[in-house]
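Everything in the sequence shown is counted per this note's numbering, starting at 13 for the first residue and increasing by one. We put the CB at the ideal spot given by N, CA and C, even for glycine. Structure record follows, encoded as structure tokens.
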Amino acid sequence: MSVLSAEQTQGSKRRRNLKMADRRAGFGLLAPAGIVMLAVTIFPIVYSIIMSFNNINLTTNGFEFQSNGINNYKTVFGSPVFWHSAWFTVYYAIVTVFVELFFGLLIALAINNVKKLQGLSISIMLIPWALITVISAQMWDYIYNGVYGVLNAVAAGLHLIGQPVTWLGQNTSAVIAMMVADIWKTTPFVVIILLSGLQMIAQDYYEAARIDGANSWQLFWKVTFPLLRGSIALAGLFRILQAFGVFDLPFVLTQGGPGTATESLAILGYRTLFEDLHFGVGAAVAVSTVILILLACLIFLSGFRSMVEEEAA
């Protein structure tokens, strides 16, 4: 028995040593990717936070840091321009995300119920998402153009307008026009996530509900929607992250105008950093934007979780 126990002990030690060797090898293989992630992700974040607490001047030797505490944040939060950009970013994100989730769910349900040409439908639907945002923004700029735009030509042909309208030259129409362009481009992203969630739902649930006499609406509300909540939350979370960081679409389409009507926090940070060269204040804008994004994601997830718990109760 003692010999067997000694052999078992040695065997367990060898297994532990092998596991430790495997772990070390795994960490060694992951180390290059981890270093790259630290270099391109963690370091810029930490550096931006440091910049936000300093007054930064350009010298012949590079940047000169002078600590000024929270003065940059006082400048940011005391500026009406920042609060206007924050308000625009928030309601832009709320409107576009909810509209995209609504239409994305409708399109995903339609494609999921198509038995023929489903692959073709998905391919056609993905064309807006596949386009580079700069290109799609230029296309929408052509559509909205007040002189030769397609929208004016169609609206005039339908006798909806009597004279050309400068859609991107008025505050309200510029905001709506940008939202339409964003919804057109990013709804396919939501569709793909929701469609994958729909196709993962087992047909047994629907068959059991039909046996119990459920109609189409009850099948959706009692079976499809509850089982699709995770996909909806995932799509909403990704879209909130993207919508709060919107930059390329308004930068190309409206340049943040007219005035500051479509100036997002990302554009405000860009102008503060690279046009005004106020690096500390610009970093404070960037850090504040990240905090706002995190709060928005937490609010969305907590609200979604509360809705799920209420329905479960």
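With 16 other Cβ atoms within 10 Å as the buried cut-off, status of residue i
i	result
leucine 180	buried
tryptophan 152	buried
methionine 32	exposed
serine 135	exposed
methionine 13	Residue placement at methionine 13 is flagged as unreliable, the pLDDT there being 46, under the threshold of 50; a coordinate-derived value is accordingly withheld.
proline 56	exposed
phenylalanine 263	buried
alanine 295	buried
valine 126	exposed
glycine 161	buried
alanine 298	buried
isoleucine 252	buried
tyrosine 104	buried
alanine 165	exposed
glycine 40	exposed
threonine 53	exposed
phenylalanine 139	Note that residue 139 is isoleucine in the sequence shown here, rather than phenylalanine. Exposed, since its Cβ has fewer than 16 Cβ neighbours within 10 Å.
leucine 132	exposed
Residue i versus residue j - alpha carbon distance
i	j	result
glycine 116	glutamine 150	24 Å
serine 91	glutamine 254	25 Å
phenylalanine 312	serine 276	20 Å
leucine 16	alanine 43	Residue placement at leucine 16 is poorly supported in this model, since its pLDDT is 47, which falls under 50; the coordinates still yield a value, given next. The alpha-carbon atoms of leucine 16 and alanine 43 are separated by roughly 40 Å.
methionine 191	tryptophan 99	15 Å
leucine 113	alanine 37	43 Å
valine 293	leucine 285	8 Å
glycine 315	isoleucine 205	20 Å
proline 200	asparagine 67	43 Å
leucine 129	threonine 108	29 Å
valine 203	proline 176	35 Å
serine 243	leucine 118	14 Å
leucine 121	serine 208	11 Å
valine 159	asparagine 124	41 Å
leucine 240	alanine 278	32 Å
tyrosine 282	valine 235	46 Å
serine 300	isoleucine 61	10 Å
phenylalanine 94	asparagine 80	20 Å
aspartate 224	phenylalanine 237	18 Å
alanine 51	aspartate 260	24 Å
leucine 304	alanine 193	24 Å
tyrosine 85	valine 58	16 Å
alanine 245	arginine 317	9 Å
leucine 172	isoleucine 106	29 Å
threonine 198	methionine 49	27 Å
valine 302	glycine 257	9 Å
glutamine 182	histidine 290	29 Å
serine 148	tryptophan 196	10 Å
serine 6	alanine 247	Nothing can be reported for residue 6: it is not among the residues displayed for the chain, which extend from 13 to 325.
phenylalanine 110	leucine 249	11 Å
glycine 174	threonine 274	26 Å
isoleucine 47	glutamine 215	45 Å
N-terminal and C-terminal residue of the beta strand (DSSP E) that residue i is part of
i	result
glycine 74	74-79
Residue i CB to nearest heavy atom of the ligand ADP below 6 Å
i	result
isoleucine 139	The model depicted lacks the ligand ADP and carries no ligand whatsoever.
Extent of the continuous alpha helix (DSSP H) to which residue i belongs
i	result
isoleucine 279	277-282
lysine 197	183-211
proline 176	Taken as a continuous stretch (DSSP letters only), proline 176 belongs to no alpha helix (DSSP H), as it is neither H nor E.
aspartate 288	Counting along the chain, aspartate 288 falls outside any alpha helix (DSSP H), and DSSP gives it neither H nor E.
alanine 220	215-223
For the structure I just gave you, are there three or more beta carbon pairs, one from the region 256-272 and one from the region 179-186, closer than 8 Å? yes
Fully enclosed by the region 136-170, which alpha helix (DSSP H) runs are 4 residues long or longer? 139-142, 145-156 and 162-169
When you compare the region 307-314 with the region 84-100, are there three or more beta-carbon pairs, one atom per stretch, that lie closer than 8 Å? no
Restricting to runs no shorter than 4 residues, where is the alpha helix (DSSP H) found entirely within the region 42-102? 55-64 and 83-89
Decide if the region 223-240 is in contact with the region 70-84; the criterion is three or more beta carbon pairs, one per stretch, under 8 Å apart. no
Flag this pair as touching only if the region 126-143 and the region 209-229 have three or more C-beta atom pairs under 8 Å; answer yes or no. no
Quick check: the region 217-226 against the region 153-166, are at least 3 beta-carbon pairs closer than 8 Å? no
Inside the region 229-266 only - alpha helix (DSSP H) runs reaching at least 4 residues: 237-256 and 260-265
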